[in-house]
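For the protein sequence lines, the chains are B and U, in the order given.
Here the first sequence stands for residues 220 to 984, where the numbers follow this note's numbering.
Here the second sequence stands for residues 17 to 298, where the numbers follow this note's numbering.
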Amino acid sequence: MRGSRPAPATPELEATSRTPVPAAGASSADAAWRLVEEGFDLAREHEIESLFTISNGYIGVRGSLAEGSAFSAPAAFIAGIFGRRPAPDAMPERVAAPDPLRLRIAVEGEELRLDRGKALEHRRVFDLKRGLLWREWRHRTPAGRVTRIRELRLASLADRHLLLQALELEPVNYSGRIEVVAWIERPESAAPHASPLPALRPVPPDPADEGDHTPPRLALRAEGSGAVVAYAVKSELRPADGPGVAPEVETRPGRVAERWTFTARLGSRYRLTRVVAVRTSRDAEEPAEAAAAHLARTGPGDAGRIVREHVEAWRERWRAADVEVDGDPSAQRALRFACHHLIGAANPDDERVSISARLLTGGIYKGHVFWDVEIYMLPFYIHTHPPTARALLMYRYHTLPAAREKARALGWRGALYAWESTDTGEEATPRAVLAPDGVLVPIRNGEQEDHISAAVAYAVWQYWRATGDVRFLLDAGAEILLETARFWASRGEWGEDGRYHIRHVIGPDEYHEDVDDSAYTNLMAQWNLERALEAAGLLRERWPGRWRELERRLGIEPEELRAWDDVAAAMYTGFDPRTGLFEQFRGYHDLEDVDPAEYASGAGPADILLGRERTRRSKVIKQADVVLLLYLLWDRFPPEVREANFRYYEPRCAHGSSLSPSIHALVAARLGDMALAMRYFRQAAEIDLANNMGNAAGGVHAAALGGLWQAAVFGFGGLRFTDGGPELEPRLPPGWRALRFPIQWRGQNYCMDTDEARKGEEAEP
Amino acid sequence: MKIESVVVPLDGTLPALAAVPVANALADTVGATLHLLHVCERPRRQAALLRSLGLSPEEMEGFVLDQRTGRPAQGILRYAGELRHPTVVICTHTGMEKPRGAIGSVAEEVILGAHCPVVLVQPERGLEPWALRRILLPHDGTPATTAAMDPAGDLAELTGAEVLVVYVAAPGEPAPTEPGSFAAPRYLDQPQHEWPAWASEFISRMSALGHPTSEVQLTLLMAAGDPGEQIVRVSREHESDLVVLAWHGSWEPRRAATMKRVIREAHCPVLLVRAARPRRGE
Numbered sequence: 220m221r222g223s224r225p226a227p228a229t230p231e232l233e234a235t236s237r238t239p240v241p242a243a244g245a246s247s248a249d250a251a252w253r254l255v256e257e258g259f260d261l262a263r264e265h266e267i268e269s270l271f272t273i274s275n276g277y278i279g280v281r282g283s284l285a286e287g288s289a290f291s292a293p294a295a296f297i298a299g300i301f302g303r304r305p306a307p308d309a310m311p312e313r314v315a316a317p318d319p320l321r322l323r324i325a326v327e328g329e330e331l332r333l334d335r336g337k338a339l340e341h342r343r344v345f346d347l348k349r350g351l352l353w354r355e356w357r358h359r360t361p362a363g364r365v366t367r368i369r370e371l372r373l374a375s376l377a378d379r380h381l382l383l384q385a386l387e388l389e390p391v392n393y394s395g396r397i398e399v400v401a402w403i404e405r406p407e408s409a410a411p412h413a414s415p416l417p418a419l420r421p422v423p424p425d426p427a428d429e430g431d432h433t434p435p436r437l438a439l440r441a442e443g444s445g446a447v448v449a450y451a452v453k454s455e456l457r458p459a460d461g462p463g464v465a466p467e468v469e470t471r472p473g474r475v476a477e478r479w480t481f482t483a484r485l486g487s488r489y490r491l492t493r494v495v496a497v498r499t500s501r502d503a504e505e506p507a508e509a510a511a512a513h514l515a516r517t518g519p520g521d522a523g524r525i526v527r528e529h530v531e532a533w534r535e536r537w538r539a540a541d542v543e544v545d546g547d548p549s550a551q552r553a554l555r556f557a558c559h560h561l562i563g564a565a566n567p568d569d570e571r572v573s574i575s576a577r578l579l580t581g582g583i584y585k586g587h588v589f590w591d592v593e594i595y596m597l598p599f600y601i602h603t604h605p606p607t608a609r610a611l612l613m614y615r616y617h618t619l620p621a622a623r624e625k626a627r628a629l630g631w632r633g634a635l636y637a638w639e640s641t642d643t644g645e646e647a648t649p650r651a652v653l654a655p656d657g658v659l660v661p662i663r664n665g666e667q668e669d670h671i672s673a674a675v676a677y678a679v680w681q682y683w684r685a686t687g688d689v690r691f692l693l694d695a696g697a698e699i700l701l702e703t704a705r706f707w708a709s710r711g712e713w714g715e716d717g718r719y720h721i722r723h724v725i726g727p728d729e730y731h732e733d734v735d736d737s738a739y740t741n742l743m744a745q746w747n748l749e750r751a752l753e754a755a756g757l758l759r760e761r762w763p764g765r766w767r768e769l770e771r772r773l774g775i776e777p778e779e780l781r782a783w784d785d786v787a788a789a790m791y792t793g794f795d796p797r798t799g800l801f802e803q804f805r806g807y808h809d810l811e812d813v814d815p816a817e818y819a820s821g822a823g824p825a826d827i828l829l830g831r832e833r834t835r836r837s838k839v840i841k842q843a844d845v846v847l848l849l850y851l852l853w854d855r856f857p858p859e860v861r862e863a864n865f866r867y868y869e870p871r872c873a874h875g876s877s878l879s880p881s882i883h884a885l886v887a888a889r890l891g892d893m894a895l896a897m898r899y900f901r902q903a904a905e906i907d908l909a910n911n912m913g914n915a916a917g918g919v920h921a922a923a924l925g926g927l928w929q930a931a932v933f934g935f936g937g938l939r940f941t942d943g944g945p946e947l948e949p950r951l952p953p954g955w956r957a958l959r960f961p962i963q964w965r966g967q968n969y970c971m972d973t974d975e976a977r978k979g980e981e982a983e984p
Numbered sequence: 017m018k019i020e021s022v023v024v025p026l027d028g029t030l031p032a033l034a035a036v037p038v039a040n041a042l043a044d045t046v047g048a049t050l051h052l053l054h055v056c057e058r059p060r061r062q063a064a065l066l067r068s069l070g071l072s073p074e075e076m077e078g079f080v081l082d083q084r085t086g087r088p089a090q091g092i093l094r095y096a097g098e099l100r101h102p103t104v105v106i107c108t109h110t111g112m113e114k115p116r117g118a119i120g121s122v123a124e125e126v127i128l129g130a131h132c133p134v135v136l137v138q139p140e141r142g143l144e145p146w147a148l149r150r151i152l153l154p155h156d157g158t159p160a161t162t163a164a165m166d167p168a169g170d171l172a173e174l175t176g177a178e179v180l181v182v183y184v185a186a187p188g189e190p191a192p193t194e195p196g197s198f199a200a201p202r203y204l205d206q207p208q209h210e211w212p213a214w215a216s217e218f219i220s221r222m223s224a225l226g227h228p229t230s231e232v233q234l235t236l237l238m239a240a241g242d243p244g245e246q247i248v249r250v251s252r253e254h255e256s257d258l259v260v261l262a263w264h265g266s267w268e269p270r271r272a273a274t275m276k277r278v279i280r281e282a283h284c285p286v287l288l289v290r291a292a293r294p295r296r297g298e
């Protein structure tokens, strides 16, 4: 069944505002493109800040109130900027950089804050389509003065080093003295979710430097790494009908501030426009100077252009990524929320960073990178923006040395990627955690969760298959495939049964550690070996020069390739043809069968409610494990095997990970169980967007967002790739009239439409 | 929580006197006046009343002795209502025939009718002196409960007591629906990151929404199981001197089960603080 057609010629751009700054509140009309937070709920502020983070893959600035509150956690996160605290065994951690959009406004000495006086009107609107965060606020001070404020902010997708903040202020019922202070300051304490993050210390000015220090700038150095973050800012405050007001600039180590004091007239509007440039030691030798130089080319007078270019950049990305759901506004909004944050999470121009588990929206997870990228997020980029996918895979290529070293240190060959990695690719997984029940829990993922190497190989192959990017395959992808295959061939051991066994691992189900012959790990390893052999054959046939070079450099002998073939053929899978089931790991079927639903609770994870030890001795699983395997290697399994394994493992899954519901939705949809698919889809959609769990307080869940997109596209849409190109086998939930999404495949753009697929099917004789 | 008056109802029985050391220490801590109250059918002369209560004039230094007529619970509530910022400290029961863990009818009626905090004391603790070093603060993660937690913070500031916040994950219990709630993490993708983050977020929410002070030492502990049972267990294991419970005003069997169990089984006094009913979520 086909449901695709080649993409139309580039459509006319919609009309954009020609005003210097779009009129406040002019957000995309369709509610399915907006998140709106009406009023102010202090208890939810951390979540709102995460959800409303403006991000462009280089920098993310949390959606904090400019003036702050009793529960604000303002911060900016810059990709690739790590520090290290001065503690033994301290791991690299991404620093929390200053939020450069802080403002304080005082009217006749009374500071405008939501916890003082009365907010007559307050709302924040996140325009997902255009990547704009709006704030509309009308406030009455204790003295009775009413001020209207509208604020717009963006992290430019067109120029990733630029942030824009535009504020319009209007005294509604008074004339009087207003003071506005805008500042950028080194954080006094760690960002939320502390264990504290590495500190940032002011970079002292060069005593010999007598140069002009306009525009104002601030440079901070991360402890333990020396990485430098620098901001420069150009600001302008002017009334609608008059000349600008000059600021007083205050600088001291760790802080730069601009202060405007003026007498405002009743009914007049005053506009503050700030353009902030951000540079780091990763992209400039002298970041502060580079940031200042960046502003030589742009400033507040260019605000309209900055907005237009930013909006246009978002339009381009949405043209290639928007998933349209006809018939379910809630699902529509959740998918756009997911796609928005995925688009804003990655920088296609930076091959030395990847995406952390909470994107650039929060400090939890310390900026560390997991297999979440390759399995959960990369498909989105592969099919909507291949350059981003390529950059993310190149990160894995650039961190191959660290992966080789990890394997070597553990006595194996090839490449074993770190379970948690940072900029260097070294293993950064903590070794233990003190849980709130007082138990010191050892963390073994860094030692045993080896399936990440196969995940990287899987992503490489999916990218190659989808793009035909020869340059990538030759320069990077083949080497990743070969080295990860080499790892698997060294990792296991031959048993007396003549099978190849991989022991002492953790599969995706992390409730069970130190298991043998994880079906997921073994089959993905088998697949990895097969693809490496396929790649070797391809290179040998089509690019023999490159193959010889790799052979020589990696020391690959023909016997080794034959050994890989033997290992793959003999891999122990745990499959029982009588039942059609894969045993999740050796001995799984002997465990106690506990129904997670008895312990299912919105009030805690299953392993805590059941107890860690009992969970370990039970069949309760943390997340999609064999079910994930069914999806990833779908065509290797006959329909009855997929059905049997899903029906067996799905009821035993406690979904203790946010990575789980979306995969269950996808597989359920493919199997035609629409009620179950929809239940899991909604569960996945609510992980960040529900308002009663606080899940998003530490940042939005990147893998869940990527999984949600996959559930829609590969699950409900039934997207498959054949020799003839992409096709749909849709299984839409009740109420979904149609599903439409763009896909890129081998250099072509396709518009997939389940409605057309249905029409095509109806038209077939 | 402002306390200017501490009211101790005495019915003339020895068990009832168990509330006096707790009330006295509490009044000393907050600088409140201690009121000993007797509600009876017919008023008595003060000397006779003192004797009947087992007290001497010398022991009355710093106390106020009052009596009211009528039904005991109503008399207690009316009296408390006449005072500024009262707190009632009352024994759970005084009838000798009642087993340990009972809640007497007068105590129950006072709990239901009071608009001020009520401290419940088990008569089994006798006249043992009481000092506040450790406060146990069960918390269900809802903003409504946080808003009622000021008393614990205030007392901790005054006494330097440690505050142990305990969150109980109860199997089968649904997540709270009140917007802004913060229950145990539903998803623990990587515990090495999620647990420290959850604990920090929980405490910082409490501090920001409830008692925003950096002077109080707060520790968070999670338990799993029946909430009442776990609160009692933790209070015993950590030698708490006071359990502070937010109470949303319902005495119906299912709704008040945790509170009743804690009152009955805790080894230390229990302070009940009225909390607003949780807002309903979407």
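All residues carry an ideal CB built from backbone N, CA and C; glycine is no exception.
Check your understanding: Does any residue of chain U bring its CB to less than 7 angstroms from the CB of B:Q875?
Key -> Reading the sequence as shown, one finds Gly at residue 875 of chain B and not Gln. It does: the Cβ of B:G875 has a partner Cβ on chain U nearer than 7 angstroms.
Check your understanding: When you compare each of U:R252, U:V260 and U:M222 to U:L287 by their alpha carbons, which one comes out closest?
Key -> U:V260
Review point. Is the CB of B:P824 under 7 angstroms away from at least one CB in chain U?
Key: yes
Review point. Checking contacts by CB at 7 angstroms: is U:P25 closer than that to chain B?
Key: no
Check your understanding: Quick one: complete beta strand (DSSP E) runs, 3+ long, within the segment 140 to 169 of chain U?
Key -> 150 to 154
Point to revise | Neighbouring residues, chain B, relative to U:R254 (Cβ below 8 angstroms) | key: Per the sequence shown, residue 254 of chain U should be read as His rather than Arg. Chain B residues near U:H254: none, gap ~10 angstroms exceeds 8 angstroms.
Check your understanding: Relative to the C-alpha of B:D736, which residue among B:F794, B:L693, B:A751 and B:D688 is closest?
Key -> B:F794
Point to revise | At least three beta-carbon pairs within less than 8 angstroms, the segment 238 to 249 of chain U to the segment 272 to 287 of chain U | key: yes
Practice item. Kindly list, in the order they appear in chain U, the residues whose Cβ is closer than 9 angstroms to that of B:F935. Key: Per Cβ cutoff of 9 angstroms: no residues; B:F935 is ~23 angstroms from chain U at best.
Review point. Counting contacts by CB-CB distance shorter than 7 angstroms, is B:V813 in contact with chain U?
Key: no
Check your understanding: Does the segment 510 to 521 of chain B come within contact of the segment 933 to 945 of chain B, defined as at least 3 CB pairs closer than 8 angstroms?
Key -> no
Exercise for review: Report the option in U:L53, U:E77, U:R58 and U:N40 whose CA atom is closest to the CA atom of U:E98.
Suggested key: U:L53
Review point. Using a Cβ-Cβ distance under 7 angstroms, would U:H51 count as near chain B?
Key: no
**Study point:** Where the segment 184 to 200 of chain U meets chain B: residues whose CB sits under 7 angstroms from a CB there
**Key:** A185, A186, P187, G188, E189, P190, A191, P192, T193, E194, P195, G196, S197, F198, A199 and A200
**Study point:** Inter-residue spacing [alpha-carbon to alpha-carbon] between U:T43 and B:L261
**Key:** Note that residue 43 of chain U corresponds to Ala in the displayed sequence, not to Thr. Distance between the alpha carbons of U:A43 and B:L261: 34 angstroms.
Exercise for review: Spatial neighbours of U:Y95 within its chain, please: CB distance less than 6 angstroms, with the 5 preceding and 5 following residues excluded, ordered by chain position.
Suggested key: L53 and R84
Check your understanding: Start and end of the beta strand (DSSP E) containing B:A987?
Key -> The structure shown does not extend to residue 987 of chain B, since chain B is modelled only from 220 to 984, so the question has no answer here.
**Study point:** Member of U:V36, U:A168 and U:G111 whose CA lies at the smallest distance from the CA of U:P133
**Key:** U:A168
Review point. Taking three-plus beta-carbon pairs below 8 angstroms as touching, is the segment 143 to 150 of chain U in contact with the segment 203 to 213 of chain U?
Key: no
**Study point:** Nearest-angstrom Cα separation, counted from B:M613 out to B:V572
**Key:** 9 angstroms
Practice item. Could you check if B:G461 is buried or exposed, using at least 16 other CB atoms within 10 Å of its CB as the buried criterion? Key: exposed
Check your understanding: Quick one: is U:Y203 near chain B, going by C-beta distance under 7 angstroms?
Key -> yes
Check your understanding: Who are the neighbours of B:D972 on chain U, taking C-beta pairs under 8 angstroms?
Key -> By Cβ distance, chain U contributes nothing, its closest Cβ being about 32 angstroms from B:D972, past 8 angstroms.
Review point. Are B:Y899 and B:H920 touching if we call contact CB-CB under 7 angstroms?
Key: no
Review point. Measuring CA to CA, which of U:H155, U:H131 and U:P207 is closest to U:T274?
Key: U:H155
Practice item. Identify every residue that forms a DSSP beta bridge with B:Y719. Key: B:W713 and B:M790
Exercise for review: State the DSSP-derived secondary structure class of B:Q745, mapped to helix, strand or coil.
Suggested key: helix
Point to revise | Backbone secondary structure at U:T29 - three-state DSSP | key: coil
Check your understanding: Among the residues of its own chain, which have a CB less than 8 angstroms from the CB of U:D379, if the five just before and after it don't count?
Key -> Within the shown structure, residues of chain U are numbered from 17 to 298, placing residue 379 of chain U beyond reach of any answer.
Check your understanding: Which residue's Cα is closest to the Cα of U:I301: U:T235, U:A32, U:L152 and U:E173?
Key -> Outside the shown range of chain U (17 to 298) lies residue 301 of chain U, about which nothing can therefore be said.
Check your understanding: Is the segment 315 to 326 of chain B touching the segment 288 to 295 of chain B in the sense that three or more CB pairs, one from each, lie closer than 8 angstroms?
Key -> yes
Review point. Any beta-carbon of chain B closer than 7 angstroms to the one on U:L261?
Key: no
Review point. Is there at least one Cβ from chain B nearer than 7 angstroms to U:Q233's Cβ?
Key: no
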